[in-house]
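First comes the structure, then the notes that go with it.
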Amino acid sequence: AAGPAILPAGDWTQFRGPGTGGVSVDGHLPTTWSAGENIRWRSELPGYGASCPIVVGERVYLTCWTGYGFDESDPGDRDKLQLNVVAVDRASGEILWNQSRPASPSEQEFGRRVAEHGYATPTPCSDGERVYAYFGVSGLVAYDRDGNFLWDADCGSKTAGFGCAASPILYRDLVIQNASIESGTVYAFHKETGELVWKDTSIDKAWTTPPIVELTDGGAELVINEQETIYGFNPL
1459 AAGPAILPAG
1469 DWTQFRGPGT
1479 GGVSVDGHLP
1489 TTWSAGENIR
1499 WRSELPGYGA
1509 SCPIVVGERV
1519 YLTCWTGYGF
1529 DESDPGDRDK
1539 LQLNVVAVDR
1549 ASGEILWNQS
1559 RPASPSEQEF
1569 GRRVAEHGYA
1579 TPTPCSDGER
1589 VYAYFGVSGL
1599 VAYDRDGNFL
1609 WDADCGSKTA
1619 GFGCAASPIL
1629 YRDLVIQNAS
1639 IESGTVYAFH
1649 KETGELVWKD
1659 TSIDKAWTTP
1669 PIVELTDGGA
1679 ELVINEQETI
1689 YGFNPL
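In the numbering used here, the protein residues as written are 1459 to 1694.
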């Protein structure tokens, strides 16, 4: 059986980084930037996005959207909306691949609240071999490191007026997705096959990315906060 991919210590593999703790082990990060200070390279991206980039080995992965929804007064044809996952060379900024997929017909029209962040807000995650990205009603999608499509999963078709923001996270062999907005559900899929491992359909108004909390007894909990309630789940 293949072992897990070995990731460099300084990689930032998902929203809030490895372990979802929001702590970097790299002690040489700049704290100030300007147009010319601490900038190694710039690359023009295919479209707009509000997600965080992740860093995995020699690659940077991010998401964006194209084809529709750049001007609130004239957003264009929603049928042309494409959702993109992009791989960038970490050393040079060269775009290595750009995979796009059409948005779901359930995707909401471009308007003021969606304009605040757009259609590519959740941050992708990666185990070094695969990259996973979530686009709300347009689902969860997995590509290999070369941009080849692996699998996708439908997580619901409901919207809440402002788009979605909850990012997928990795825990062992699982990709976990809070789809409270889209279906009132938290899903756990096997990261290699996309097979549904477990789900909980009791989540309501939980719009954030859940962290994994390591326990003193060696176990772990997936922590989800919703309106007036905090849940702890066994992530396995």
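Backbone N, C-alpha and C fix where the C-beta goes; we use that ideal spot for every residue, glycine too.
Looking at the backbone, the Cα of Phe1647 and that of Trp1656 are separated by about 7 Å. For Arg1548, the closest of Gly1468, Gly1515 and Ala1611 by C-alpha to C-alpha distance is Gly1515.
Counting along the chain, Ala1624 sits inside no beta strand (DSSP E), nor does DSSP assign it H or E at all. Assignment of Ser1615 by DSSP, reduced to helix, strand and coil, places it in the coil class.
Of the candidates Asp1662, Arg1630 and Ser1638, the residue whose Cα lies closest to the Cα of Glu1679 is Arg1630. In this structure, Asp1585 sits away from Val1513, with a CB-CB distance that is not shorter than 8 Å. Around Leu1503, the same chain offers Cys1522 as residues with beta carbons nearer than 6 Å, after the five sequence neighbours per side are excluded. When DSSP states are grouped into helix, strand and coil, Pro1560 belongs to the strand group.
Within the same chain, Ser1638, Ile1661, Asp1662, Lys1663 and Ala1664 come within 8 Å of Glu1684 by CB-CB distance, once the 5 residues on both sides are set aside.
Look at Ala1646 here: in three-state DSSP terms it is strand. Taking a 10 Å sphere around the C-beta of Val1481, we find fewer than 16 other C-beta atoms and assign the residue as exposed.
For Glu1679, there is no enclosing alpha helix (DSSP H); the enclosing beta strand (DSSP E) has its first and last residue at Ala1678 to Glu1684.
Residue environment: Asn1636 is assigned as buried (16 or more neighbouring CB atoms within 10 Å of its CB, all protein chains considered). Ranking Lys1538, Ala1573 and Asn1556 by CA distance to the CA of Pro1563 puts Lys1538 first. Counting every other CB atom within 10 Å of its CB across the protein chains shown gives Ser1625 a total of 16 or more, marking it as buried.
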